[in-house]
Amino acid sequence: MSDSPDIVLERSFYIGNALATIIYGLLIYITFQAIHLIRRHDSISPNAKKIYIVYSLVILLLMTFDKAANLMLGQMMWIEHRDVEGGPLVYFALHSTDWYNVMGSATSMAVNFLGDALLIHRCYLIWGSRLDIIAFPFLIYLASTSLAIVSGVQSALPGGFLGRQTTSFAVPWISLTSGLNFILMALIAGRILWIRKNNRALMPARAAEVYTGIIAIIIESALPFALLGIVLAVLLGKNESVVLVFTSVWGVMGAVSPMLIILRLAMGQGWTKTTATEVTTGTWPRVMESLSEDGHSHSSVEKEQV
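For the sequence shown, the residue numbers in this note's numbering are 721 to 1026.
Right, dumping it as structure tokens:
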């Protein structure tokens, strides 16, 4: 006997929360490890250090609010009000406008905005500070931000996250932001692969692995986040019950992806403006020369522009 749609939806919410909480634990570690390394890094300018530390803490704080809101919703509908007439999903629908739900949606969207902004900045640096490359992605970013705000307002109105009006805005928003992530992923991965093909012979094996290897491509391009977004957009458009699993995981991955990029920078393995320029012009970047066997940069000859 198959489960009812309500049970599938509740199970989806529960599993999504559980998976997202596990990933959130990873986010905490990545954030504080990155901050620790940034403070010790002698090749990052003081101003850049402040920016990255504040950015990291804001990302973590916003995602903490989001996780707290989801956990509170679960407690309210499954424990505090488990006997409400119609069941937990009726409580879910009736209380979608509660302050903690609205706050959770808003903070999750803010994390998405910050993550996309960092990815655009990374694309700009890796492509040698070319504004023409990021012009189209930036326009998509503005459009997706506008749709996200409208979707957030709609989700705070009666009918909740899965309402028809909300879905009509949420699907284009998630599709746009996923499309943006896919375009940026293609631009960043394509650029790194091009450099790998044309400049690999000039690089020591260690430097080639760090800056043009598979791990560099996956993290710098935020590949997992882009693919998850595409899956989420399809499921949300079809109004599938399992969408809440992917919504929760996609939301927290929106915080993990930019923090992995910052962690690589803190370890001396991330692309900087200096790295991109010197690699593409055929000169040897000092930051690569300073790579130790454990992959950390110990150079202090010049502050990197990051």
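All C-beta atoms, glycine included, are put in the ideal place defined by N, C-alpha and C. Remember, it's a predicted structure, so these values are computed and weren't measured experimentally.
Between Ser849 and Lys993, is the Cβ-Cβ spacing less than 8 angstroms? As a first step, residue 849 is located in the sequence shown; it is residue number 129 there, counting from the start. As a first step, residue 993 is located in the sequence shown; it is residue number 273 there, counting from the start. Their beta carbons are under 8 angstroms apart, which means Ser849 touches Lys993 by this criterion.
State yes or no: is the C-beta of Ser864 within less than 8 angstroms of the C-beta of Trp893?
Counting from 1 along the sequence shown, the entry for residue 864 is found at position 144. Counting from 1 along the sequence shown, the entry for residue 893 is found at position 173. Yes, the Cβ-Cβ distance between Ser864 and Trp893 is below 8 angstroms.
Inset, instruction - Measure the C-alpha to C-alpha separation of Trp914 and Leu851 and round it to an integer number of angstroms. - result: Locating residue 914 in the sequence shown gives position 194, counting from the first residue. Locating residue 851 in the sequence shown gives position 131, counting from the first residue. In this model, Trp914 and Leu851 are separated by some 19 angstroms (Cα to Cα).
Could you give the uninterrupted runs of the beta strand (DSSP E) lying entirely in the region 791–842, keeping only those of 3 residues or more?
Correct list: empty.
*asked:* Closest to Ala936 by C-alpha separation, out of Ile981, Asp803, Ile748, His801, would be which residue?
replied: The residue you call residue 936 lines up with position 216 of the sequence shown. Ala936 has its Cα closest to that of Ile981, out of Ile981, Asp803, Ile748, His801.
- From Met973 to Leu955, what distance separates their C-alpha atoms? As a working note, residue 973 is residue 253 in the sequence shown. As a working note, residue 955 is residue 235 in the sequence shown. About 17 angstroms.
#### Entry: Terminal residues of the alpha helix (DSSP H) in which Asp726 lies
Taking the sequence shown and counting its residues from 1, one reaches residue 726 at position 6. Annotation for Asp726: the continuous alpha helix (DSSP H) segment containing it runs 725–760.
Quiz item: Got a sec? Which residues, its chain only, sit under 8 angstroms from Thr751 by beta carbon, not counting five neighbours each side?
Solution: Looking up residue 751 in the sequence shown gives position 31. By the criterion of a C-beta distance shorter than 8 angstroms, Thr751 is surrounded in its chain by Ser776, Leu777, Ile779, Leu780, Met979, once the five residues flanking it on both sides are discounted.
Beta-carbon separation of Ile839 and Ala942 under 8 angstroms?
Sequence index remark: in the sequence shown, residue 839 carries index 119 (1-based). Sequence index remark: in the sequence shown, residue 942 carries index 222 (1-based). The sequence given here has Leu at residue 839, not Ile. At the C-beta level, Leu839 and Ala942 come within 8 angstroms of one another.
**Prompt:** Exposed or buried, which one is Ile727 when buried takes at least 16 other CB atoms within 10 Å?
**Reply:** Start at 1 with the first residue of the sequence shown, and residue 727 comes out as number 7. Ile727 comes out exposed.
So, using beta-carbon positions, are Leu964 and Ser732 closer together than 8 angstroms?
-> The residue labelled residue 964 in the question sits at position 244 within the sequence shown. The residue labelled residue 732 in the question sits at position 12 within the sequence shown. Contact flag set, yes.
| query | Quick one: is Ala925 buried, meaning 16 or more other Cβ sit within 10 Å of its Cβ, or exposed? | reply | Sequence index remark: in the sequence shown, residue 925 carries index 205 (1-based). The residue in question, Ala925, is exposed, as its Cβ has fewer than 16 Cβ neighbours within 10 Å.
Option in Ala740, Asn832, Arg916 with minimal Cα separation from Ala788:
To locate residue 788, count along the sequence shown from 1; it is residue 68. Checking every option, the nearest Cα to that of Ala788 belongs to Ala740.
Let me make sure I understand the geometry here. Which of Gly806, Ala975, Asn821, Val774 has the alpha-carbon closest to that of Gly794?
Residue mapping note: residue 794 aligns to position 74 of the sequence shown, counting from 1. When each option's Cα is compared against that of Gly794, the closest is Asn821.
- Query: Can the beta-carbon of Phe812 be found less than 8 angstroms from the beta-carbon of Met797?
  - Reply: The residue you call residue 812 lines up with position 92 of the sequence shown. The residue you call residue 797 lines up with position 77 of the sequence shown. The Cβ atoms of Phe812 and Met797 sit closer than 8 angstroms to each other.
Per-residue burial, Leu799 [other beta carbons within 10 Å of its own, 16 or more giving buried]:
Against the sequence shown, residue 799 aligns to sequence position 79. Here the sequence assigns Ile to residue 799, which means Leu is not the residue at that position. Counting the other Cβ atoms within 10 Å of the Cβ of Ile799 gives fewer than 16, which makes it exposed.
Rank Gly990, Ala986, Thr995 by C-alpha distance to the C-alpha of Lys770 and give the top, closest one. Stepping through the sequence shown from its first residue, residue 770 is reached at position 50. Lys770 has its Cα closest to that of Ala986, out of Gly990, Ala986, Thr995.
Delimiting residues of the alpha helix (DSSP H) encompassing Val954: Residue numbering aside, residue 954 sits at position 234 when the sequence shown is read from its first letter. Following the DSSP letters along the chain, one finds Val954 inside the alpha helix (DSSP H) bounded by residues 943–957.
field: Whole-angstrom distance between Ile934 and Ala927, CA atom to CA atom
entry: For the purposes of this step, residue 927 is identified with residue 207 of the sequence shown, where counting begins at 1. For the purposes of this step, residue 934 is identified with residue 214 of the sequence shown, where counting begins at 1. Those two C-alpha atoms are separated by around 13 angstroms.
Q.
What does the Cβ neighbour count give for Pro766, buried or exposed, with the cut at 16 atoms within 10 Å?
A. One-based indexing of the sequence shown puts residue 766 at position 46. By the neighbour-count definition (other C-beta atoms within 10 Å, threshold 16), Pro766 is an exposed residue.
Whole angstroms are fine: how far does the CA of Leu845 sit from the CA of Ser763? Here residue 763 corresponds to residue number 43 of the sequence shown, with the count starting at 1. Here residue 845 corresponds to residue number 125 of the sequence shown, with the count starting at 1. About 17 angstroms.
Quiz item: Under three-state DSSP, which class holds Trp991?
Solution: Taking the sequence shown and counting its residues from 1, the one referred to as residue 991 is at position 271. Correct three-state label for Trp991: coil.
Nearest neighbour of Leu907, chosen from Gln753, Val831, Ile854 [CA to CA]: Here the question's residue 907 lines up with position 187 in the sequence shown. It is Ile854 whose Cα lies nearest to the Cα of Leu907.
Gly745 to Phe966, Cα distance in whole Å? As a first step, residue 745 must be located in the sequence shown, where it is residue number 25. As a first step, residue 966 must be located in the sequence shown, where it is residue number 246. Using only the alpha carbons, I get a separation of about 18 angstroms.
Exercise for review: Let me know if Arg802 comes out buried or exposed under the rule of 16 or more other beta-carbons within 10 Å of its beta-carbon.
Suggested key: Taking the first residue of the sequence shown as position 1, residue 802 is located at position 82. Counting other Cβ atoms within 10 Å of its Cβ, Arg802 stays below 16 and is therefore classed as exposed.
**Asked** Between the beta-carbon of Ile743 and the beta-carbon of Val976, is there less than 8 angstroms?
**Response** Position 23 of the sequence shown, counted from the first residue, corresponds to residue 743. Position 256 of the sequence shown, counted from the first residue, corresponds to residue 976. In contact: Ile743 and Val976 (Cβ atoms closer than 8 angstroms).
Residue burial classification, Phe945 (beta-carbon count within 10 angstroms, cutoff 16):
Here the question's residue 945 lines up with position 225 in the sequence shown. Counting Cβ neighbours within 10 Å, Phe945 comes out buried, since at least 16 surround it.
**Report entry** Opening and closing residue of the alpha helix (DSSP H) in which Trp970 lies
**Finding:** The residue labelled residue 970 in the question sits at position 250 within the sequence shown. Here the alpha helix (DSSP H) through Trp970 covers 963–986.
In three-state terms, what does DSSP make of Glu929?
-> Against the sequence shown, residue 929 aligns to sequence position 209. Glu929 falls in the helix class under three-state DSSP.
Check: Measuring CB to CB, does Ser898 end up less than 8 angstroms from Ile939?
Finding: Working through the sequence shown from its first residue, we reach residue 898 at position 178. Working through the sequence shown from its first residue, we reach residue 939 at position 219. No.
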